[in-house]
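**Student:** Please find one structure pasted underneath; my questions will follow.
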Amino acid sequence: MPSPGNDTSPLFAEADSSTLGLVGFVLLAVVLMVADHRGRFLDAIRREAAVLAGPVYWLASAPARSVRAVHEMVVDRSRLTDDNTQLRQDLLLAQARLARLTAVEDQNTRLRELLDARTRLGLKAQLGELIDVDLEPFRHRVLIGLGEGDGLAPGQAVMDSRGVLGQVVEVRRYDSLLILITDPGHATPVRVARTGLRSIAYGSGSLDSLSLPHIPFSAGVRVGDALVTSGIGGVFPAGLPVGSIVQVEPDDSATFVLAIATPAAAMARSGEVLVLRDESLRMVGTDGVTLDFVGPPEALATTPTAISAQPDADHSRPPPP
Amino acid sequence: MSLRTRSDSTVFWATLVLGTLLAVVALPTPLLPFKPFWLGLLVIYWALEAPERMSLRNAFLLGLLGDLLVGNLIGEQALRLTIIAFIVLRLRSRMRFFPMLQQALVVFALLFNDRVVMLMVRAFQGSAPPDWTFWVAPVTGVLLWPWLFLLLDIARARVRPRES
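These protein sequence lines map, in sequence, to chains A and B.
Under this note's numbering, the first residue of the first sequence carries the number 1, and numbering increases by one thereafter.
Under this note's numbering, the first residue of the second sequence carries the number 1001, and numbering increases by one thereafter.
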């Protein structure tokens, strides 16, 4: 049914919306989704197209950036002085703790030599900044301003100053996607610091909780117990803080307890994060000796200036193949 | 006619750019579940008012763009927007003459249906079912709809005489 002339009447304009067209596009979309999900055929396209997305992200994050800038401008002097004092105190405390840790580390090294243990975990940290865009509220993914050129690789652990944030899932040219540990599809191997019990903390889909199902009653997990990464699975190095348990209740079967934990890291958009790079070995959990390593990664154990110098050092290194 | 089309196209492209920006713009965390499906609302508007601009193909392409930006499964938003565009284009001749309230109801049904489609895609993908806040976005979408509709109508009416 051809329409007369070029002035199509609005009543007949839906000729374009033929069912065949719908079927075609729906099929195309399904094929794309399957290809993307299964085969990862589209990775290259995705990576290239993400370059175009850079300016969009930049524009979209402008409001958040300006809000922060304005906030920093109008925040009064006394607040800043207070902050400064507080930070000084924190630094002092942290340094005192580090000094103690150095002693412990020395001791640890000596004991390791005695035990003839394998080389310890060498970690490098790289400072990155989160980009203030919301990808989707129901998938806990965030964007970080480090990409291929910075030597990022999928599977690297990411943390902020307080604890584990998540891991890198997709590396693109100039930015990368992280999956947070609170994503419903993410599981973090953890250890209860007090008892040594190993478990898995699943993301709950809300930014302030993790769930640990199927903990035996006898394990004696209590509210307030700290969770650290267990190192099993090889993604997260052992000993990084993950969160603390806030609620313990028997599950439906009454044979196990379900524990709820709050993540230690500031999940709701923290500004700067550390991407950890595992230099020496992938930890294997069956090795009892290496598992017991608890302490800050090497780059963290040095002075703060060393950390900020880290990214430069990393640029010079060629990205891993 | 050509003048009208040209001036419309300014508004059209402006809304697309704005819509894609709004789709990824950062909101304070408590507001996150309220973020409406901006691209969906835009597709509804343009399919309703200027179907020659928002064909199935264009809706599909817009969806692809959204997928690349959001970084999830490529084709998901393309599928959702194609379905929205198809339904609107089919109902268009009737929907245009609906009073605002009735139109808003149809928009709500469209956005709700869109969430169901999204849930199905997620289920096939094997991700965990989201919590109840998942269903809040269609409500904010429909609350915004009358304002969006009026705003865009005014914008198009404004741009038109200036260019003629």
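Heads up, the beta-carbon is just placed ideally off N, CA and C, and yes, glycines get one too.
Roughly how many angstroms separate the alpha carbons of A:E129 and A:G185, rounded to a whole number?
**Tutor:** As a working mapping, residue 129 of chain A is identified with position 129 in the first sequence. As a working mapping, residue 185 of chain A is identified with position 185 in the first sequence. In a straight line, the C-alpha of A:E129 is about 24 Å away from that of A:G185.
**Student:** Give a yes or no on whether 9 Å exceeds the smallest Cβ distance from B:I1084 to chain A.
**Tutor:** Working through the second sequence from its first residue, we reach residue 1084 of chain B at position 84. It does not: the Cβ of B:I1084 has no partner Cβ on chain A nearer than 9 Å.
**Student:** Do B:I1044 and B:I1084 have their C-beta atoms within less than 9 Å of each other?
**Tutor:** Residue mapping note: residue 1044 of chain B aligns to position 44 of the second sequence, counting from 1. Residue mapping note: residue 1084 of chain B aligns to position 84 of the second sequence, counting from 1. For B:I1044 and B:I1084, yes; Cβs fall inside 9 Å.
**Student:** In terms of DSSP beta bridges, what is B:I1083 paired with?
**Tutor:** Taking the first residue of the second sequence as 1, we reach residue 1083 of chain B at position 83. For B:I1083, which the question treats as bridged, DSSP gives no partner whatsoever.
**Student:** Please list the segments of the alpha helix (DSSP H) lying wholly inside the stretch 1079–1145 of chain B, counting only runs of 4 or more residues, in order along the chain.
**Tutor:** Counting only runs of at least 4 residues, the stretch 1079–1145 of chain B fully encloses the following alpha helix (DSSP H) elements, listed from N- to C-terminal order: 1100–1125.
**Student:** To the nearest angstrom, how far is the alpha carbon of B:L1081 from that of B:F1060?
**Tutor:** If you number the second sequence from 1, residue 1081 of chain B lands on position 81. If you number the second sequence from 1, residue 1060 of chain B lands on position 60. Inter-residue distance for B:L1081 and B:F1060 is about 6 Å (C-alpha atoms, whole angstroms).
**Student:** Look up A:T229 in the DSSP assignment and give the residues it is bridged to.
**Tutor:** The residue given as residue 229 of chain A occupies position 229 in the first sequence. Beta-bridge pairing links A:T229 to A:V190.
**Student:** Decide if B:N1072 is buried, meaning its Cβ has at least 16 other Cβ atoms within 10 Å, or exposed.
**Tutor:** Along the second sequence, one-based indexing puts residue 1072 of chain B at 72. It is buried - the Cβ of B:N1072 has at least 16 other Cβ atoms within 10 Å.
**Student:** Could you check whether B:L1018 and B:V1107 sit closer than 9 Å to each other, using their CB atoms as the reference points?
**Tutor:** For the purposes of this step, residue 1107 of chain B is taken as the residue at position 107 of the second sequence. For the purposes of this step, residue 1018 of chain B is taken as the residue at position 18 of the second sequence. No, the pair does not count as a contact, with Cβ atoms beyond the cut-off.
**Student:** Three-state secondary structure (DSSP) at A:T262?
**Tutor:** Taking the first sequence and counting its residues from 1, one reaches residue 262 of chain A at position 262. If DSSP states are grouped into helix, strand and coil, A:T262 belongs with the strands.
**Student:** Quick one, are the C-beta atoms of A:D43 and B:A1026 less than 9 Å apart?
**Tutor:** Along the first sequence, read from residue 1 onward, the residue named residue 43 of chain A stands at position 43. Along the second sequence, read from residue 1 onward, the residue named residue 1026 of chain B stands at position 26. Taking 9 Å as the Cβ cut-off, A:D43 and B:A1026 do not qualify as a contacting pair.
**Student:** So A:M33 is in the alpha helix (DSSP H); what residue range does that whole segment cover?
**Tutor:** What you label residue 33 of chain A is simply residue 33 of the first sequence in a count that begins at 1. 19–34 is the span of the alpha helix (DSSP H), which, as asked, contains A:M33.
**Student:** A:A50 versus chain B: which residues are under 8 Å apart at the beta carbon?
**Tutor:** Residue mapping note: residue 50 of chain A aligns to position 50 of the first sequence, counting from 1. L1068, G1071, listed in chain order.
**Student:** By the 10 Å Cβ neighbour count, where 16 or more other Cβ atoms means buried, how is A:M159 classified, buried or exposed?
**Tutor:** Translated into the one-based positions of the first sequence, residue 159 of chain A becomes position 159. Buried, by the Cβ-count rule.
**Student:** For a test of the three-state rule: what should DSSP assign to A:Q156, helix, strand or coil?
**Tutor:** By one-based count along the first sequence, residue 156 of chain A stands at place 156. If DSSP states are grouped into helix, strand and coil, A:Q156 belongs with coil.
**Student:** Between A:V164 and A:R141, what straight-line distance do the alpha-carbon atoms span, to the nearest angstrom?
**Tutor:** Stepping through the first sequence from its first residue, residue 164 of chain A is reached at position 164. Stepping through the first sequence from its first residue, residue 141 of chain A is reached at position 141. Approximately 14 Å between the Cα atoms of the pair.
**Student:** Would you verify that the beta carbon of A:T8 is, or is not, closer than 9 Å to some beta carbon of chain B?
**Tutor:** Along the first sequence, one-based indexing puts residue 8 of chain A at 8. Bear in mind that a pLDDT of 44 at A:T8, under 50, signals an unreliable position, so the number given afterwards is only what the model happens to contain. It does: the Cβ of A:T8 has a partner Cβ on chain B nearer than 9 Å.
**Student:** Can you grab the Cα-Cα spacing for the pair B:A1014 / A:A264, in whole Å?
**Tutor:** Residue 1014 of chain B sits at position 14 when you count from the first residue of the second sequence. Residue 264 of chain A sits at position 264 when you count from the first residue of the first sequence. Taking the straight line joining both Cα atoms gives about 42 Å.
**Student:** When DSSP labels each residue in this structure, what does A:S78 get in the three-state scheme?
**Tutor:** Here residue 78 of chain A is taken as the residue at index 78 of the first sequence, counted from 1. Three-state result, A:S78: helix.
**Student:** If we cut at 9 Å on Cβ distances, does A:I45 have a partner in chain B?
**Tutor:** As a working mapping, residue 45 of chain A is identified with position 45 in the first sequence. A:I45 counts as touching chain B.
**Student:** For a contact meaning CB atoms closer than 8 Å, what does A:V30 contact in chain B?
**Tutor:** By one-based count along the first sequence, residue 30 of chain A stands at place 30. Near A:V30 (Cβ distances below 8 Å), the residues of chain B are G1075, L1079.
**Student:** Quick test of your reading: A:S209 and A:T262, contact by CB under 8 Å. State the CB separation rounded to the nearest angstrom.
**Tutor:** Looking up residue 209 of chain A in the first sequence gives position 209. Looking up residue 262 of chain A in the first sequence gives position 262. A:S209 to A:T262, Cβ: 6 Å. Contact.
**Student:** Would you list, in chain order, the members of the stretch 126–159 of chain A that have their beta-carbon closer than 7 Å to a beta-carbon of chain B?
**Tutor:** D132, V133, D134, L135, E136, P137, F138, R139, R141
**Student:** Alpha carbon to alpha carbon, what distance is there between A:L91 and A:A69?
**Tutor:** Position 69 of the first sequence, counted from the start, is the residue given in the question as residue 69 of chain A. Position 91 of the first sequence, counted from the start, is the residue given in the question as residue 91 of chain A. Each residue's alpha carbon lies about 25 Å from the other.
**Student:** Pick from A:S206, A:A259, A:V235: whose alpha carbon is nearest that of A:R222?
**Tutor:** Within the first sequence, the letter at position 222 stands for residue 222 of chain A. Of A:S206, A:A259, A:V235, the residue nearest in Cα terms is A:A259.
**Student:** Can you tell me whether A:L180 is helix, strand or coil according to DSSP?
**Tutor:** Along the first sequence, one-based indexing puts residue 180 of chain A at 180. DSSP places A:L180 in strand when its eight states are reduced to three.
**Student:** Whole angstroms are fine: how far does the CA of B:A1047 sit from the CA of B:S1055?
**Tutor:** Within the second sequence, residue 1055 of chain B is the residue found at index 55, counting from 1. Within the second sequence, residue 1047 of chain B is the residue found at index 47, counting from 1. C-alpha separation (whole angstroms): 7 Å.
**Student:** For A:E170, which residues in chain B fall below 8 Å Cβ to Cβ?
**Tutor:** The sequence position of residue 170 of chain A within the first sequence is 170, counting from 1. At a beta-carbon threshold of 8 Å, the residues of chain B lying near A:E170 are G1071, ordered along the chain.
**Student:** Say whether chain B places a C-beta atom closer than 9 Å to the C-beta of A:S161.
**Tutor:** Stepping through the first sequence from its first residue, residue 161 of chain A is reached at position 161. False, the Cβ-Cβ gap to chain B never drops below 9 Å.
**Student:** Report the option in A:L180, A:G149, A:V51 whose CA atom is closest to the CA atom of A:G155.
**Tutor:** Taking the first sequence and counting its residues from 1, the one referred to as residue 155 of chain A is at position 155. For the residues A:L180, A:G149, A:V51, the minimum Cα distance to A:G155 belongs to A:L180.
**Student:** Between A:L32 and B:A1023, how many whole angstroms is the CB-CB distance? I'm expecting something under 8 Å.
**Tutor:** Taking the first residue of the first sequence as position 1, residue 32 of chain A is located at position 32. Taking the first residue of the second sequence as position 1, residue 1023 of chain B is located at position 23. At roughly 19 Å, the Cβ-Cβ gap does not stay under 8 Å, so A:L32 and B:A1023 are not in contact.
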